[in-house]
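Let me begin by presenting the structure, written as C-alpha cells, before commenting on it.
2 protein chains.
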Amino acid sequence: MTWSEYLCFNEHEKIARERVKIKTIITGATIVTMDEQNNVIPDGAIAFEDDRLTYVGAIPEELNQYDRVISAGGKVILPGLINTHGHAAMSLLRGFADDLPLKEWLETKMWPMEARFSNEHVKWGTYLAIVEMLKTGTTCFVDMYDHMDEVGQAVEISGIRGVLCRGAIGLGSQEEQKQKLEEAATFARNWHGAADGRITTMMAPHSPYTCPPAYIARFVDRAEALDLPIHIHMSETKREVEQNVRDYGQRPVAHLEQIGVFNRPTLVAHAVHVNDEEMDVLKNYDVKISHNPGSNLKLGSGIAPVSRMLQKGLDVSLGTDSAASNNNLDMFEEMRLAALIHKGAEQDPLAIPAQTALNMGTRIGAKTVFLSDSIGSLEPGKKADFIILDFEQSHLQPAFDVISHVVYAASGKDVRDVYIDGKQVVSHGVCLTVDEERVMYEANRVIREIM
Amino acid sequence: MTWSEYLCFNEHEKIARERVKIKTIITGATIVTMDEQNNVIPDGAIAFEDDRLTYVGAIPEELNQYDRVISAGGKVILPGLINTHGHAAMSLLRGFADDLPLKEWLETKMWPMEARFSNEHVKWGTYLAIVEMLKTGTTCFVDMYDHMDEVGQAVEISGIRGVLCRGAIGLGSQEEQKQKLEEAATFARNWHGAADGRITTMMAPHSPYTCPPAYIARFVDRAEALDLPIHIHMSETKREVEQNVRDYGQRPVAHLEQIGVFNRPTLVAHAVHVNDEEMDVLKNYDVKISHNPGSNLKLGSGIAPVSRMLQKGLDVSLGTDSAASNNNLDMFEEMRLAALIHKGAEQDPLAIPAQTALNMGTRIGAKTVFLSDSIGSLEPGKKADFIILDFEQSHLQPAFDVISHVVYAASGKDVRDVYIDGKQVVSHGVCLTVDEERVMYEANRVIREIM
Chain A
1 MTWSEYLCFN EHEKIARERV KIKTIITGAT IVTMDEQNNV IPDGAIAFED
51 DRLTYVGAIP EELNQYDRVI SAGGKVILPG LINTHGHAAM SLLRGFADDL
101 PLKEWLETKM WPMEARFSNE HVKWGTYLAI VEMLKTGTTC FVDMYDHMDE
151 VGQAVEISGI RGVLCRGAIG LGSQEEQKQK LEEAATFARN WHGAADGRIT
201 TMMAPHSPYT CPPAYIARFV DRAEALDLPI HIHMSETKRE VEQNVRDYGQ
251 RPVAHLEQIG VFNRPTLVAH AVHVNDEEMD VLKNYDVKIS HNPGSNLKLG
301 SGIAPVSRML QKGLDVSLGT DSAASNNNLD MFEEMRLAAL IHKGAEQDPL
351 AIPAQTALNM GTRIGAKTVF LSDSIGSLEP GKKADFIILD FEQSHLQPAF
401 DVISHVVYAA SGKDVRDVYI DGKQVVSHGV CLTVDEERVM YEANRVIREI
451 M
Chain B
1 MTWSEYLCFN EHEKIARERV KIKTIITGAT IVTMDEQNNV IPDGAIAFED
51 DRLTYVGAIP EELNQYDRVI SAGGKVILPG LINTHGHAAM SLLRGFADDL
101 PLKEWLETKM WPMEARFSNE HVKWGTYLAI VEMLKTGTTC FVDMYDHMDE
151 VGQAVEISGI RGVLCRGAIG LGSQEEQKQK LEEAATFARN WHGAADGRIT
201 TMMAPHSPYT CPPAYIARFV DRAEALDLPI HIHMSETKRE VEQNVRDYGQ
251 RPVAHLEQIG VFNRPTLVAH AVHVNDEEMD VLKNYDVKIS HNPGSNLKLG
301 SGIAPVSRML QKGLDVSLGT DSAASNNNLD MFEEMRLAAL IHKGAEQDPL
351 AIPAQTALNM GTRIGAKTVF LSDSIGSLEP GKKADFIILD FEQSHLQPAF
401 DVISHVVYAA SGKDVRDVYI DGKQVVSHGV CLTVDEERVM YEANRVIREI
451 M
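The listed protein sequences correspond, in order, to chains A and B. Residues 1 to 451 (the working numbering) are what the first sequence spells out, left to right. Residues 1 to 451 (the working numbering) are what the second sequence spells out, left to right.
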C-alpha cells in the first residue's frame, strides 16, 4: 500500500462513493437546525442520501424506507461549523512565537519562517490543521495561503469543505507581483468546483498595507473575469489604519472602496478598527465580515465593534485565523469568545446572545463565504454537512438549553461524529480520512528541518 | 453494596490508603514545576510517597528504590489547577438563565431557585461540579455556598481538595442573620482540617451589597476567633459600586477597610471595578484577588484591571464562579481568557503573558487560598497534587512551547490523569472516585423536582 493510499483510503473512498446512495436516517437526537427560525427539534431525526439532506424533523412513523437507521439518543446534531478566515499551514508555527505585537510578530517571526516553507511544509501543516478542524466540528474552512495546490489536494483527500485562495503580498518586484497574481488566478480557476464541489475559490490580495492599490485593482479585475469573490485582511490594528491614512490619505474602508474592491462580493477579515461611517459603507456594498476574536485578542489588536455591526445588519461570521495567533482551531471557542467579550467590553450582558454567536458560526458563516444555498443549516436539499455532539457529560448537564450549552459550555472535544457531503469523516472522535499520528510526525519533521 | 459505597468506593479507599505508602515515580514526561523560577524539565521525573512529592527533576539513574515506575512519554505534568472562587452546587442551574444583567439574573432567576434547594440539591449539584472539575484538572476549589455539610462530605468522598465557606447573605431578619453566622462558624470550625487536611475553611459574608456593615463585622470577629481568612465578593459591577457610594458614602474597598475586613487575611472575588487608589489599599493589606474572567464577561460586569493589579504586586488568581454564569468549570478556559482579554482590551499583546496566566492558575492560586506551603507547584515536600496532559494530539503539535500550548491551545479535555494527595482520582479521563453517570442522573432528577 502506498502512503497516499494509507493516508486517504482512496480505494475505500471510491467504494464508499458508490455506497452512499443508500438512504440513512439518524434518530432520537436534538436537532439544532439553524434554519431562519432557529428551530430546535427535541427527539428529532435527520435523513440524507448521497451528499444531500432529505429530511429534518420529528422522527417519522415509518422508517422502512431507510436503508440504514442510526439511533442517537442523548446526542445533539448541529450544522458543521464554518471557519471563515485562516491560514491552515501556519499550524506548523503554533506556539513558535507568542506575546508580540502584530507587526513584529509578522515581520520578525512569521514571515521569515514562512519564506522557508516548501510544498511539503504546506502539505503537512495543512493536514495538521484539517485533522484538528474536522475533529472539533469544522466542516468548511476558508484558507488564504501559498502553495495552494497542496491545500487543494489536502481538502480533496480529507473530505473537508474548503473556500480557498492564494493570498498575495505585493511588496516584491513587479515580476514577483505578476507571478503571484497569475498563481492566484490559475489556482482559483483550476480548483473552483473541484472535489465534487467541496472546493470553491476566491481572489485574495493580502491587505491594503501589503499590496499597492494598483495591485489590489488587478486582483479585482481578475475576480471580475473569473466571477469570484474577494477575500482580504482589513483594519486589523490601529497602527495599520493610521498607516493607511498616512500613505493614502484615507482609512482602509474608503481606500478599498475607491479601488473598487467592494464592487465584487467581498469577505474582509478582522475589521477591528472600523467606525460608524465605515460600517455604513460596508453595509451599502453588503461586504461580509469575518470576526476573529481569539486572534484579535491574542495579538492585542483590539475588540471589533461586532454588536454595532450586527445592529447595522452586516453579516458577521467567525474565523480562528491561524493556529500561530490563536492557538487552536476550535470554532466552539470562537463562538464562546464572540458571545463573551462584547458583553464584557460593553458591560452589556445582552450584547451578543448565545443564539447570535451560533448563527455566526453556522448560517451566517455560510452566507459570508457565499455558500448559503448549500450549507450553514440543516434543511432538506442542503448538503449533509453536520456534526454530532455527545451531551451526556457532566459539563453539559442539566441540559436546560442546548444553544446555551453549545456556546457557553461545550468545546470541540465534545464532537463525536462529523459528516460532510453525506460521508462520515470523524467517528467517535477519530478522523477516518487522515491518519492523525502520521500527520503529527510529518509536521514535526518538516518544521524542525527549517529551524 | 449500598449507594454510598458504590459512589465512593469507601472500602477500596481504605485499602488504598494503606497501600499508598509505596514509592511511585513517573518518568519521561515534561514537568512544568511552577516553582519560583518556573522551571520546566523536559524528559523529567516526579516521585511521591503517601501524600507528598519526594522528587522532581531529571530521570534518576537508579530506579530500583521505587516500588512502582510509570512511564509517561509524550505527556506533560502540571500542578493541579486551583479554582479560587465558585459556587459548586449552582452547576444544577447551568444554562437555566443566560444573557441577563447580574442584578436581574440573581434576583429573578438564581435566588428564587436556590431558595428551593435542599441538602439533596446541594449534594448532587456539588458532585456534578466536582466530577467536572476533577476531569478538567482542577485539584483544589473554593466553594462559597449553603448546606455546606453536604459539600464537605462530597469533598471528602471525591478526593478533591476544598477551601470551603458558608456564604451568608445578611438581608433577612436579625434572627436569620444570627442563624447563618452560627452555621458559618460551626461549619468552619468543624471542617477545617478535615478529610486528611484536604479541607480548609474560611468565613464568608457574601458581599457589601447583601450584608449590613455590622453583620460583616461579626464575621470578621468570628474569623479572628477561629483564626480563619475572610472570603467575600467585592466590586463585581459598576452598579454595585455606585450603590455602595449611595448607601455608605464610600466605595467598597474603603467600606470594607473601615469595617476591618482586611485586618484578616482576605480573598476577594471579582474586583472588576477598582481604581488605582483602591488597588494600593488592597496591596497595603495584602488582600488576595480571585479574577473570574468568564463570569465577569458573561454577566456584562466588565473587565478587571488585572495587568495594573499585577504591576502593583497584588496576588491575583483565577476562579470560574459558578457554572450558572460561566457556563463550565474548565480552568484552562479561565487561564486562556485571562491571557487573552486583557491583551485585547488594552491593545497590548504583552498584557498578561502565558506564563503569568499559568502562574495565576497554579502557584498564585495556592497563595490566594493561603495554601502555598502545600500546593501550587511541584516541589519535594509539597502535596502530590498533579495532573497529566496528553500532548500527542493535533491541536498541541508541534510542541515548541509547552507553556504556550497549555494556556493558548489546551483544554480541560486534554487532562488524562489526576492525582490529589498522592491518590489517583482520574485515570484516562474517567473519574475513579465519583460515578459520573449516577451524578448526572441525580442532578437532573433533583433540579427537575423543583422547576
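Don't be surprised by glycine CBs; every beta carbon is placed ideally from N, CA and C.
* Asked: Under 9 Å, do Asp373/A and Asp196/A count as touching if we go by C-beta distance?
  -> On the first sequence, position 373 is the one that residue 373/A refers to. On the first sequence, position 196 is the one that residue 196/A refers to. The answer is no: Cβ separation not under 9 Å.
* Residue-chain proximity (Asp43/B, chain A), Cβ-Cβ < 9 Å -> For the purposes of this step, residue 43/B is taken as residue 43 along the second sequence, with counting starting at 1. The beta-carbon of Asp43/B is placed no less than 9 Å from the nearest beta-carbon of chain A.
* Please say whether Thr320/A and His85/A have beta carbons closer to each other than 9 Å? => The residue labelled residue 85/A in the question sits at position 85 within the first sequence. The residue labelled residue 320/A in the question sits at position 320 within the first sequence. Yes; because the gap between Cβ atoms is below 9 Å, this pair is in contact.
* **Completely contained alpha helix (DSSP H) runs for the region 81 to 139 of chain A, where each covers 4 or more residues** => Every alpha helix (DSSP H) of 4 residues or more that sits fully in the region 81 to 139 of chain A is shown, in chain order, as 111 to 115 and 119 to 135.
* To do: Pick out whichever of Gly365/B, Glu436/B and Asp421/B has its Cα sitting closest to the Cα of Lys21/B.
  => Sequence index remark: in the second sequence, residue 21/B carries index 21 (1-based). Ranking Gly365/B, Glu436/B and Asp421/B by Cα distance to Lys21/B puts Asp421/B first.
* Asked: Since Ile447/B meets chain A, which of its residues come closer than 7 Å, beta carbon to beta carbon?
  -> Stepping through the second sequence from its first residue, residue 447/B is reached at position 447. Simply Pro398.
* To do: Report yes or no: do the region 294 to 313 of chain A and the region 60 to 73 of chain A share at least 3 C-beta pairs separated by less than 8 Å?
  => Contact between the region 294 to 313 of chain A and the region 60 to 73 of chain A is absent, because fewer than three Cβ pairs lie under 8 Å.
* **Boundaries (first-last residue) of the beta strand (DSSP E) holding Gly162/B** => Looking up residue 162/B in the second sequence gives position 162. If you look at Gly162/B, you'll find it in the beta strand (DSSP E) that goes Arg161 to Ala168.
* Any C-beta of chain B sitting closer than 9 Å to the C-beta of Arg94/A? -> For the purposes of this step, residue 94/A is taken as the residue at position 94 of the first sequence. Arg94/A counts as touching chain B.
* To do: Note down the Cα distance separating Ala29/B from His291/B, rounded to an integer number of angstroms.
  => On the second sequence, position 29 is the one that residue 29/B refers to. On the second sequence, position 291 is the one that residue 291/B refers to. When rounded, the distance between both Cα atoms is 30 Å.
* Asked: Run through DSSP, which three-state label would His395/A get?
  -> Stepping through the first sequence from its first residue, residue 395/A is reached at position 395. DSSP places His395/A in helix when its eight states are reduced to three.
* State the Cα-Cα distance for the pair Asp227/B and Thr138/B, rounded to the nearest angstrom. => Residue numbering aside, residue 227/B sits at position 227 when the second sequence is read from its first letter. Residue numbering aside, residue 138/B sits at position 138 when the second sequence is read from its first letter. Using only the alpha carbons, I get a separation of about 26 Å.
* So, do the region 389 to 408 of chain A and the region 127 to 134 of chain B have three or more beta carbon pairs nearer to each other than 8 Å? -> Between the region 389 to 408 of chain A and the region 127 to 134 of chain B there are three or more inter-stretch CB-CB distances shorter than 8 Å, so the stretches are counted as touching.
* To do: Report the neighbours of Gly86/B on chain A: residues whose CB is nearer than 8 Å to its CB, in chain order.
  => In the second sequence, the residue the question calls residue 86/B occupies position 86. Within chain A, not a single residue places a beta-carbon under 8 Å from that of Gly86/B; the smallest gap is close to 14 Å.
* What separation, rounded to the nearest whole angstrom, lies between the Cα atoms of Val310/A and Leu100/B? -> On the first sequence, position 310 is the one that residue 310/A refers to. On the second sequence, position 100 is the one that residue 100/B refers to. With the sequence shown as reference, residue 310/A is identified as Leu, and Val is not the correct amino acid for it. Straight-line spacing of the CA atoms in Leu310/A and Leu100/B works out to 19 Å.
* Asked: Using the beta-carbon of each residue, which ones in chain B are nearer than 9 Å to Asn244/A?
  -> Taking the first residue of the first sequence as 1, we reach residue 244/A at position 244. What Asn244/A touches in chain B: nothing, since even the nearest Cβ is about 17 Å away.
* What separation, rounded to the nearest whole angstrom, lies between the Cα atoms of Ala154/B and Ile388/A? -> Position 154 of the second sequence holds residue 154/B. Position 388 of the first sequence holds residue 388/A. When rounded, the distance between both Cα atoms is 33 Å.
* Beta carbon of Tyr419/B nearer than 9 Å to that of Ala384/B -> By one-based count along the second sequence, residue 419/B stands at place 419. By one-based count along the second sequence, residue 384/B stands at place 384. Result yes, Cβ atoms of Tyr419/B and Ala384/B sit closer than 9 Å.
* If the cut is a Cβ gap below 8 Å, which residues of chain B does Tyr408/A touch? -> To locate residue 408/A, count along the first sequence from 1; it is residue 408. Under the 8 Å cutoff, chain B gives Gly95, Asp98, Lys298, Asn326, Asn327 and Asn328.
* Cβ-based burial, Val430/B [other Cβ within 10 Å; buried from 16] -> Translated into the one-based positions of the second sequence, residue 430/B becomes position 430. It is exposed - the Cβ of Val430/B has fewer than 16 other Cβ atoms within 10 Å.
* Gln424/B, enclosing alpha helix (DSSP H) - first and last residue -> In the second sequence, counting from the first residue as 1, residue 424/B sits at position 424. Not the alpha helix (DSSP H): Gln424/B falls in the beta strand (DSSP E), residues Lys423 to Ser427.
* **Cα-Cα separation, Thr2/A to Asp143/B** => Sequence index remark: in the first sequence, residue 2/A carries index 2 (1-based). Sequence index remark: in the second sequence, residue 143/B carries index 143 (1-based). Because the pLDDT at Thr2/A is just 35, under 50, the model does not fix this residue reliably, and the point stays unresolved.
* Asked: Mind pulling the beta strand (DSSP E) runs of 3 or more residues that sit fully within the region 346 to 389 of chain A?
  -> Secondary structure within the region 346 to 389 of chain A: not one fully enclosed beta strand (DSSP E) run of 3 or more consecutive residues is present.
* So, is Ser427/B buried or exposed, given that buried needs 16 or more other C-beta atoms within 10 angstroms? -> Along the second sequence, read from residue 1 onward, the residue named residue 427/B stands at position 427. By the Cβ neighbour-count rule, Ser427/B is exposed, with fewer than 16 other Cβ atoms within 10 Å of its own.
* Asked: Whose CA, out of His255/A, Leu318/A, His231/A and His273/A, lies closest to the CA of Leu267/A?
  -> Translated into the one-based positions of the first sequence, residue 267/A becomes position 267. Of the candidates His255/A, Leu318/A, His231/A and His273/A, His231/A places its Cα closest to the Cα of Leu267/A.
* To do: Look at the alpha carbon of Thr27/A and the alpha carbon of Arg438/B, and state the distance between them as a whole number of angstroms.
  => For this step, residue 27/A is matched to residue 27 along the first sequence. For this step, residue 438/B is matched to residue 438 along the second sequence. Taking the Cα positions, Thr27/A is about 25 Å away from Arg438/B.
* Would the beta-carbon of Phe332/A fall within 9 Å of that of Asp221/A? -> Locating residue 332/A in the first sequence gives position 332, counting from the first residue. Locating residue 221/A in the first sequence gives position 221, counting from the first residue. No, these two residues do not count as a Cβ contact at 9 Å.
* Compare the C-beta of Leu7/B against all C-beta atoms of chain A and say whether one is closer than 9 Å. => For the purposes of this step, residue 7/B is taken as residue 7 along the second sequence, with counting starting at 1. Reliability of the predicted coordinates at Leu7/B is poor, the pLDDT of 40 falling under 50, and the value obtained from them is presented with this limitation in mind. No, its Cβ sits nowhere closer than 9 Å to a Cβ of chain A.
* How many Å lie between Leu452/A and Ala338/A at the Cα? -> Any question about residue 452/A goes unanswered here, given that chain A covers just 1 to 451.
* CB of Lys329/B within 9 Å of CB of Pro79/B, strictly -> Residue mapping note: residue 329/B aligns to position 329 of the second sequence, counting from 1. Residue mapping note: residue 79/B aligns to position 79 of the second sequence, counting from 1. A small fix is needed here, since residue 329/B is Leu in this sequence, not Lys. Judged by beta-carbon spacing, Pro79/B lies beyond the 9 Å limit of Leu329/B, meaning their Cβ atoms are not closer than that value.
* Asked: Where do the ends of the alpha helix (DSSP H) carrying Pro293/B lie?
  -> As a working note, residue 293/B is residue 293 in the second sequence. First-last of the alpha helix (DSSP H) with Pro293/B: Pro293 to Lys298.
* To do: To the nearest angstrom, report how far apart Lys123/A and Asp417/A are at their CA atoms.
  => On the first sequence, position 123 is the one that residue 123/A refers to. On the first sequence, position 417 is the one that residue 417/A refers to. Approximately 25 Å between the Cα atoms of the pair.
* Just tell me which of Glu61/B, Ile82/B, Glu132/B and Pro212/B has its CA closest to the CA of Asp435/B. => Against the second sequence, residue 435/B aligns to sequence position 435. The candidate whose alpha carbon is nearest that of Asp435/B is Glu132/B.
* Asked: Ordered along the chain, which non-local residues of its own chain (more than five positions away) have a Cβ less than 6 Å from that of Asn83/A?
  -> Translated into the one-based positions of the first sequence, residue 83/A becomes position 83. Thr138, Phe141, Gly319, Thr320 and Met331.
* Asked: Whole-angstrom Cβ separation of His233/B and His270/B, contact assumed at under 8 Å?
  -> Numbered from its first residue, the second sequence carries residue 233/B at position 233. Numbered from its first residue, the second sequence carries residue 270/B at position 270. In this structure, His233/B and His270/B form a Cβ contact; the two beta carbons are roughly 6 Å apart against a cut-off of 8 Å.
* **Under 8 Å from the C-beta of Ile131/A: neighbouring residues of chain B** => Here residue 131/A refers to the residue found at position 131 when the first sequence is read from its first residue. Here the sequence assigns Val to residue 131/A, which means Ile is not the residue at that position. Listed along chain B, the residues sitting closer than 8 Å to Val131/A by beta-carbon distance are Ser394.
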